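Reviewing the structure listed below.
The following block contains the structure:
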């Protein structure tokens, strides 16, 4: 059985969320059951990029992680696309045996038994600006599947006031999950340079909005990789 | 007994280190046993600013935290200056009784019994670029004093390759402490606008340096408050 892989890159730091700043090798899978309007990884999502995805065995995926990390254990992040539409249990088993840690980033639409083998499960339900609709029963199944993971967190991208209000409701559904908010990045074209001041301004807006409501539950973080490297791929 | 307080401000997000992104009220104390060459808080350090520090009772400090937070529990960060040269046990006792969490940021030169009452103790030994010299016996006493805290971490500011090499040695002395690296900020004048691209470049340099060494232990994070607000005070 082979895995569809859009890219494997790193080591670099995790740019966002609960593991922000953590040295990581990323395994970005190909294919997704969502089509978010502002997706920053369409090359791992849309079928028209399918020819750029590699069909790799779990052994080949693992060999590439080992090569990139020089055999030094670190965190491996499974992202996408939606990594949960494929079976990563064999890759995770290889990595854990070698002392590596695993994180998975998924919207929470498909639950997998291997969520239980993760160190960190990041569930990112998509707010209204995405154009998608969350199936909260499927989301709850993901939370249950990850209950044996070291930590499960919720991360929500916020583009506007509607998304912000939605995030408060999402947290009310799952108050047991540590919550991370992240300002949306409207500049997703890899050829367009990112304006770091605009990124700073979006973060400032979200901080001020949340603090004004005395809502002290979420941690509020930017995308550091966008700050450092813009929308370039492979970093 | 009164406390010397340079400023109390927030709520805003913690801009750096282990609690990055966490809603926080900051209690910045006046007075410090160090004089780091690149200190970004001289108004809380040097005696010539002494007249701007308030002498406050622990009750008055706590009332101000309550007012700023609207009575909603959140994290209170004791910073400075060096907060460890004063007695914060009474403030912490009041806050914990009300459900607040406490962090303290100190260089690790003075150990205090109240470190044991903290949720997060951040020890920031100062690298060679600071012009200061670390007393590692005093530092170890701080680690011991904080052993009952929920977490104790080490954070090191890196300005150059000498600081980076020093950080590796510091980690070797205390491998039990989770490590956070942070690029130094040479632009500390509150009147000078910060260049977000320069901040991004310094972060990129530190990430690339650390990854090139396959040193995957530290988390590497910028100062988000500098990104958002520059060197302005009170944010």
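Protein chains in written order, with the UniProt record's numbering: chain A, 1 to 235; chain B, 1 to 235.
By construction, the Cβ of each residue, glycine as well, lies at the ideal position given by its N, Cα and C atoms.
Note that the coordinates shown come from a computational prediction; the quantities given were computed from them, not determined experimentally.
Contact with chain B by residue 184 of chain A, beta-carbon distance below 7 Å:
Interface flag for residue 184 of chain A against chain B is unset, since no Cβ pair is found closer than 7 Å.
Listing by chain order, which chain A residues have their CB less than 9 Å from the CB of residue 216 of chain B?
Within 9 Å Cβ-Cβ: 11, 22, 23, 24, 69, 72, 73, 74 and 75.
Could you tell me the alpha carbon to alpha carbon distance between residue 137 of chain B and residue 32 of chain B, rounded to whole angstroms?
For residue 137 of chain B and residue 32 of chain B, the distance between alpha carbons rounds to 19 Å.
Would residue 122 of chain B pass as an interface residue toward chain A - the criterion being a Cβ-Cβ separation below 7 Å?
Cβ-Cβ to chain A under 7 Å: no for residue 122 of chain B.
Closest to residue 105 of chain A by CA distance: which of A:91, A:52 and A:153 is it?
Ranked by how close their Cα comes to the Cα of residue 105 of chain A, the residues A:91, A:52 and A:153 have A:153 in first place.
Using DSSP with H/G/I as helix, E/B as strand and the rest coil, what is residue 173 of chain A?
Residue state, collapsed to three classes: helix.
What are the start and end residues of the beta strand (DSSP E) that includes residue 77 of chain B?
Segment 75-79, the beta strand (DSSP E) holding residue 77 of chain B.
Proximity test, Cβ basis, 7 Å: residue 212 of chain A and chain B:
No, residue 212 of chain A does not count as interfacial toward chain B.
Return the Cβ separation of residue 55 of chain A and residue 28 of chain A in integer angstroms, given the expectation that the two are a contact with Cβ distance under 8 Å.
That belief does not hold up - the Cβ atoms of residue 55 of chain A and residue 28 of chain A are roughly 15 Å apart, past 8 Å.
Name the DSSP bridge partner or partners of residue 104 of chain B?
Paired residues: B:78 and B:121.
Using a Cβ cut-off of 9 Å, pull out every chain A residue sitting near residue 203 of chain B, in sequence order please.
Per Cβ cutoff of 9 Å: 13, 224, 227 and 228.
When A:131, A:59 and A:140 are compared against residue 94 of chain A, the one with the closest alpha-carbon:
That would be A:59, whose Cα lies nearest to the Cα of residue 94 of chain A.
I need the DSSP call for residue 197 of chain A, collapsed to helix, strand or coil.
Helix.
Less than 6 Å between C-beta atoms, sequence neighbours within five positions excluded: which residues of the same chain meet that for residue 260 of chain B?
Only positions 1 to 235 of chain B appear in this structure, which leaves residue 260 of chain B out of reach.
Look at residue 20 of chain B and residue 14 of chain B and say whether their C-beta atoms are less than 7 Å apart.
The answer is yes: Cβ separation under 7 Å.
Starting from residue 219 of chain A, find everything on chain B with Cβ-Cβ shorter than 7 Å and list it in chain order.
Those within 7 Å of residue 219 of chain A in chain B are 21 and 22.
Under 7 Å between C-beta atoms of residue 84 of chain A and residue 65 of chain A:
Not closer than 7 Å, so no.
Round the Cβ separation of residue 91 of chain A and residue 62 of chain A to the nearest angstrom and send it over; I've been treating them as touching at under 8 Å.
Contact holds; Cβ gap of about 6 Å.
Closest to residue 128 of chain B by C-alpha separation, out of B:145, B:140, B:141 and B:157, would be which residue?
If you compare the alpha carbons of B:145, B:140, B:141 and B:157 with that of residue 128 of chain B, the shortest gap goes to B:157.
On a Cα-Cα basis, can you pick out the residue from B:124, B:40 and B:30 that is closest to residue 190 of chain B?
It is B:40.
Work out the CA separation of residue 199 of chain A and residue 164 of chain A for me, nearest whole Å.
Rounded to whole angstroms, residue 164 of chain A to residue 199 of chain A spans 17 Å at the Cα level.
Which residues does DSSP list as the beta-bridge partners of residue 86 of chain A?
Listed as beta-bridge partners of residue 86 of chain A by DSSP are no residues whatsoever.
CB contact check: residue 197 of chain B to chain A, cutoff 7 Å:
Residue 197 of chain B has a beta carbon lying within less than 7 Å of a beta carbon in chain A.
For residue 200 of chain B, return the contacting residues in chain A, with the cut-off set at a CB-CB distance below 8 Å.
Near residue 200 of chain B (Cβ distances below 8 Å), the residues of chain A are 196, 227 and 228.
In the DSSP assignment, what residue or residues form a beta bridge with residue 158 of chain A?
Residue 158 of chain A pairs with A:183.
Give the DSSP-derived three-state secondary structure of residue 52 of chain A in the structure shown.
Looking at residue 52 of chain A - three-state DSSP - the assignment turns out to be helix.
What does the alpha-carbon distance come out to for the pair residue 212 of chain B and residue 99 of chain B?
One C-alpha to the other measures close to 43 Å.
Contact belief for residue 142 of chain B with residue 115 of chain B at Cβ below 8 Å, rounded distance in angstroms:
Rounded, the Cβ-Cβ distance is 7 Å, consistent with contact.
Residue-chain proximity (residue 27 of chain B, chain A), Cβ-Cβ < 7 Å:
Residue-level contact by beta carbon fails for residue 27 of chain B and chain A, as no gap is shorter than 7 Å.
Going by DSSP, which residues form a beta bridge with residue 219 of chain B?
According to DSSP, residue 219 of chain B bridges with B:180.
Nearest-angstrom Cα separation, counted from residue 134 of chain A out to residue 43 of chain A
When only Cα atoms are considered, residue 43 of chain A and residue 134 of chain A end up about 23 Å apart.
Starting from the Cα of residue 231 of chain A, find the closest Cα among A:149, A:160, A:217 and A:194 and give me that residue.
Ranking the options by Cα distance to residue 231 of chain A, first place goes to A:194.
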